[in-house]
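In this note's numbering, the protein residues as written are 1196 to 1340. Note that the Cβ used here is the ideal one computed from N, Cα and C, for glycine as well.
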């Protein structure tokens, strides 16, 4: 009789634990809202950069580029994703992109250009304009910039 009672208590305890997990699991996940860069495939082109935390000169240069090219960035459907020491509050840093620099990632998720030098920023729009899908976009839509 005691054996059945212990099994019943374990079953009730397991059921209670499962119920509590279902209730509190979403609350635990609330702080974990990061996505993978691959979630943007076929939706956005990506300009991803990773800088060192103390590299304010580079960060200011990137901000300046973004502000000067807002129209071109929007027109080319670019998501600009900054990482500082491989950290970003919204996205996980792609493991295969371990160094600092700038990456241009196409709709297909493939790296189209990379440079440790942030000079690449000045070439981004021209590089995108050479891509086959962008050529079609340019034929279909007149530039607003």
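(message) Quick check: the region 1287 to 1298 against the region 1258 to 1272, are at least 3 beta-carbon pairs closer than 8 angstroms?
(response) no
(message) What does the alpha-carbon distance come out to for the pair residue 1288 and residue 1278?
(response) 7 angstroms
(message) Are the CB atoms of residue 1286 and residue 1232 within a distance shorter than 7 angstroms?
(response) yes
(request) Name the residue from 1238, 1338 and 1243 whose alpha carbon lies nearest to the alpha carbon of residue 1290. (result) 1243
(message) On a Cα-Cα basis, can you pick out the residue from 1237, 1228 and 1229 that is closest to residue 1302?
(response) 1237
(message) If you follow the beta strand (DSSP E) that residue 1310 is in, where does it begin and where does it stop?
(response) 1306 to 1310
(request) Kindly indicate which residue of 1292, 1327 and 1324 has the alpha-carbon position closest to the one of residue 1310. (result) 1292
(request) Return the first residue and the last residue of the beta strand (DSSP E) that residue 1327 is part of. (result) It is not in any beta strand (DSSP E) - residue 1327 instead sits in the alpha helix (DSSP H) that spans 1327 to 1335.
(message) Assuming residue 1276 and residue 1283 are in contact, meaning their beta carbons sit under 8 angstroms apart, how far apart are those beta carbons, in whole angstroms?
(response) 6 angstroms
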